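What follows is one structure encoded as structure tokens, with my remarks underneath.
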Amino acid sequence: MGKKPSVAIVGAGLAGLTCGTALKGLIEDIKIFEKNVIPGGRVGTFRAGDYEFNNGAQFFTVNNPLFWNIVSAWQTEGIVRPWDGWIVELQKGQVINSDMSTQRFVGVPRMQVIAEKLALNCDLVTSSNISELERQAGGGWRLFNERGDYQGAHDIVIIATAAHQVADLCRAISTISKPAENVDMTVCWTGMFAFEKTLNIPFDAAFVLDSPLSWISRYRFNGNDNEADCWVIQASPEWSQQYAASFRGRVMHALLDAFWEATDLGASQPVSASVHCWKHALPINPISEDSLFDEPEAIGACGDWCTAPRIEGAVLSGFSMADRVMKYVNKNYD
Ligand SMILES: Cc1cc2nc3c(=O)[nH]c(=O)nc-3n(C[C@H](O)[C@H](O)[C@H](O)COP(=O)(O)OP(=O)(O)OC[C@H]3O[C@@H](n4cnc5c(N)ncnc54)[C@H](O)[C@@H]3O)c2cc1C
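111 is the number of the first residue of the sequence shown in the numbering used here; add one for each residue after it.
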């Protein structure tokens with residue numbers, strides 16, 4: 111073909127950012143389009159006045175050797191560290207198990223830093239919600255955002271969003287849209303509460319059993335010089351599904367009540383209270399293919415819904431996508 115290809119990546123979560131970073135240096139023209147004002151997707155920070163919280167992923171684990179290498183590099187850069195918090199299992203106010211054997215990592219000072227750091231390597235266009243991909247007669251794709259603004263033409267498009275958004279964007283490409291539309295996602299109501307004084311809770315985080323909640327975690331952040339005790343509370347997938355359409359105020363009170371019951375503490379009034387509903391939190395049935403790529407159409411897709419419902423899954427899927435794009439480029443371009 112004699113020309114260098116250009117690549118557009120839709121979505122600046124960890125899968126898209128990993129793919130973009132891995133292709134950098136090999137492909138000159140890569141743009142990542144993100145609908146939000148900041149990158150990170152489900153690895154997010156929520157700010158409420160003076161307080162901040164990890165409102166999506168709380169920590170990550172490492173199994174795959176390639177991911178170990180990446181995490182070692184992140185550790186060297188100082189953006190992640192092993193989590194030394196005390197994590198327990200909690201049942202009706204009782205600690206029934208203390209899980210100190212699993213090695214967990216957290217972003218420093220917050221989870222979103224991992225995405226922010228990767229984004230520094232990328233040509234990122236934020237606040238651009240890609241709503242249409244138009245195939246060009248001579249090859250390549252024209253991108254448009256939801257306002258109808260033209261976002262350029264690109265030889266290769268990678269969709270690195272949650273599964274339902276992949277299916278919406280490329281309905282006509284059945285090799286990608288069909289597997290994506292079969293993936294179901296959990297719902298997750300998340301509460302973020304700050305209390306003026308430290309609560310009498312000895313552990314840092316807990317998996318909660320027999321409760322509307324599945325996880326509670328104390329969140330420490332640098333700017334917190336007013337002694338507030340900040341907690342992230344995640345409802346179970348079953349409870350979240352049942353209350354998916356409920357009013358925020360109702361959910362907030364229900365989450366707090368469940369928190370007091372789970373910790374066996376007397377209720378106290380938070381100084382800051384917020385809730386967020388992740389309508390597409392975790393893929394229940396990932397497709398078990400690291401990434402998808404339709405060579406004739408020059409379009410691919412990646413994300414945790416391909417591999418496993420966690421940060422490791424998203425990063426490995428992004429890497430697999432980059433590898434497939436490189437092989438395609440080597441075959442089809444000089
Ligand atoms: C509440 C919660 C708790 C979690 N806890 C953990 C945990 O403790 N440990 C762990 O390892 N994992 C956890 N996870 C899972 C982890 O966050 C995800 O697996 C991972 O972040 C997925 O990354 P991704 O890049 O595949 O997708 P996403 O992070 O969803 O990224 C997709 C990106 O695409 C953007 N986008 C979507 N559509 C468009 C469009 N049309 N145009 C432009 N941009 C678009 C989105 O805004 C988003 O930024 C949790 C997830 C949630 C929701």
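Note that CB positions come from ideal geometry on N, CA and C, so glycine has one too.
Small disclaimer: the values here were computed from a predicted structure and weren't measured.
Consult DSSP for residue i and reduce its assignment to one of helix, strand or coil.
i	result
G423	helix
C340	strand
G428	helix
V361	helix
F403	strand
K227	helix
V172	coil
T128	helix
T373	helix
M302	strand
F317	strand
E199	strand
I137	strand
V381	coil
A355	coil
S398	coil
N207	strand
L309	coil
I148	coil
I409	strand
S346	coil
P289	helix
M111	Its pLDDT being 49, under 50, M111 is placed unreliably by the model, and the measurement read from it follows with that caveat. Coil at M111, not helix or strand.
R434	helix
A183	helix
D444	coil
W178	helix
D367	helix
Once the 5 residues before and after residue i are set aside, which same chain residues still bring their CB inside 7 Å of it?
i	result
P115	I137, D265, I266, V439, Y443
I394	D294, M295, T296
Q246	R252, A263
D400	C416, T417, L426, S427, S430
Q351	V297
G258	none
S241	F254, N255, E256
Q201	L319, D320
Go through its chain and collect everything with a Cβ distance to residue i's Cβ below 6 Å, but skip five positions before and after it.
i	result
E244	R252
K105	Because the chain here runs from 111 to 444, residue 105 falls outside it and cannot be looked at.
D139	S116
R191	V218
E162	T155, F331
I397	P289, C416
F403	G410, R434
Suppose the cutoff is 8 Å on Cβ atoms and the five residues either side in sequence are ignored; what does the same chain contact list for residue i look like?
i	result
G249	D265, A408
E337	E306, K307, T308
K441	none
L228	L124, L127, T128, G130, T131, P149
N165	G154, T155, F156, T300, M302, V342, H386
L323	I343, Q344, A345, S346, W349, L365, A368, F369, A372
M210	W196, I197
N207	V198, E199
I326	L200, A315, A316, V318, W341, V342, I343, Q344, F369, A372, T373
What does residue i pair with, by DSSP beta-bridge criteria?
i	result
R252	E244, A263
P393	M295
V235	F143
E162	R157
P192	F215
Y329	C340
H386	T300
I446	A question about residue 446 goes unanswered here, because the residues of the chain that appear run from 111 up to 444.
L279	Note: L279 sits in no beta bridge, so no partner.
L323	A345
For residue i, verify whether its CB is less than 8 Å away from any heavy atom of ligand 3.
i	result
D414	Absence of ligand 3 from the depicted structure is noted, with ligand 1 being the only ligands included.
Is there contact between the segment 354-371 and the segment 221-240, where contact requires at least three CB pairs shorter than 8 Å? no
Stretch pair the segment 374-392 + the segment 303-315: three plus CB contacts closer than 8 Å: yes
Stretch pair the segment 271-283 + the segment 319-326: three plus CB contacts closer than 8 Å: no
Inter-stretch contact at 8 Å, needing at least 3 Cβ pairs: the segment 212-219 / the segment 115-124: no
Three CB pairs or more closer than 8 Å across the segment 164-178 and the segment 286-296: no
Sufficient close CB pairs (3 or more, under 8 Å) joining the segment 430-437 to the segment 177-197: no
With contact counted as at least three CB pairs below 8 Å, one residue from each stretch, are the segment 121-132 and the segment 268-278 in contact? yes
Is there contact between the segment 124-136 and the segment 402-421, where contact requires at least three CB pairs shorter than 8 Å? yes
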